[in-house]
């Protein structure tokens, strides 16, 4: 019985500490909504998206992003 009570105590303590120590997560950015062709790229601010059954985030730039001749470049 004593082991069970201690286990519950440590489980409650861990749950409390996890809630306090947890790192905040950034809010998700909106994904482009316009239609796309497989393999096509687009830039939204610092984010690079590729079409693969819909727009998928593939990378983030330190600066801005630009499409040049169909390929994404970080500037």
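In the working numbering, the protein residues as written are 1 to 75.
Cβ coordinates follow ideal geometry from the N, Cα and C atoms, glycine included.
Query, Result
"Run through DSSP, which three-state label would residue 69 get?", "coil"
"Hey, quick one: how far does the beta strand (DSSP E) through residue 60 stretch, first residue to last?", "55–60"
"I'd like to know if residue 59 contacts chain D, where contact means its C-beta is closer than 8 Å to some C-beta of that chain.", "Of the protein chains in the structure, only one exists, and it is not chain D."
"With a 10 Å radius around its C-beta and 16 neighbouring C-beta atoms as the bar for buried, classify residue 47 as buried or exposed.", "buried"
"Grouping DSSP H, G and I as helix and E and B as strand, with all else coil, what is residue 40?", "coil"
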